Amino acid sequence: MGAAIDPQVLAARVRNALPAKFASEKRMFGGITFMVNGNMLCCVSKRGLMACVGAAAEPEALARPFASPCFGSGRRMAGFVTVAPPGVADADGLNYWLALARTYVEATPRNASGQKRWRRKSAATEPSRAAA
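Start counting the sequence shown at 16; every next residue gets the next number (this note's numbering).
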């Protein structure tokens, strides 16, 4: 595992690199997630940067130094890469990843804030299997 990074410092660098009106922020994935038009751009945490680059750009992204596939709950997250702290240590590295993520996210349709893409049925709303 790579060296840890102060997520507040990295988040400040991301804020400075993006136009003020460009992104909103949410606490997600154990870090600070930057959203554009309701879609995730990137997330900063002590592990580095998780960037949403899209499935088409993922092979190019994974060929870069310090980049690796992103896993969530033990499953690979298609279209996302994790960049270890050395990969975003300087402005050029951070700007590369933000530009790659922006290219994908800006071409993605707006996701209404709070919109659910799927809903898990609760036990209270599912019909009883015993009754069948």
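In this text, a Cβ means the ideal position worked out from N, Cα and C, and glycines have one as well. Computed from a predicted structure; not experimentally measured.
Closest by C-alpha distance to A99, when choosing among R79, G87, N54 and V120: The sequence position of residue 99 within the sequence shown is 84, counting from 1. Checking every option, the nearest Cα to that of A99 belongs to R79.
7 Å Cβ cutoff met for S58 and M50: The residue given as residue 58 occupies position 43 in the sequence shown. The residue given as residue 50 occupies position 35 in the sequence shown. The sequence as given places Cys at residue 58; Ser does not occur at that position. No, they are not a contact pair.
Residue(s) in a DSSP beta bridge with K41: Counting from one through the sequence shown, the residue named residue 41 turns up at place 26. K41 is bridged to T48.
When A19, D107, N54 and P124 are compared against K61, the one with the closest alpha-carbon: As a first step, residue 61 must be located in the sequence shown, where it is residue number 46. Nearest to K61 by alpha-carbon distance, out of A19, D107, N54 and P124, is A19.
Range covered by the beta strand (DSSP E) that runs through V96: Residue mapping note: residue 96 aligns to position 81 of the sequence shown, counting from 1. Start and end: R90 to V98.
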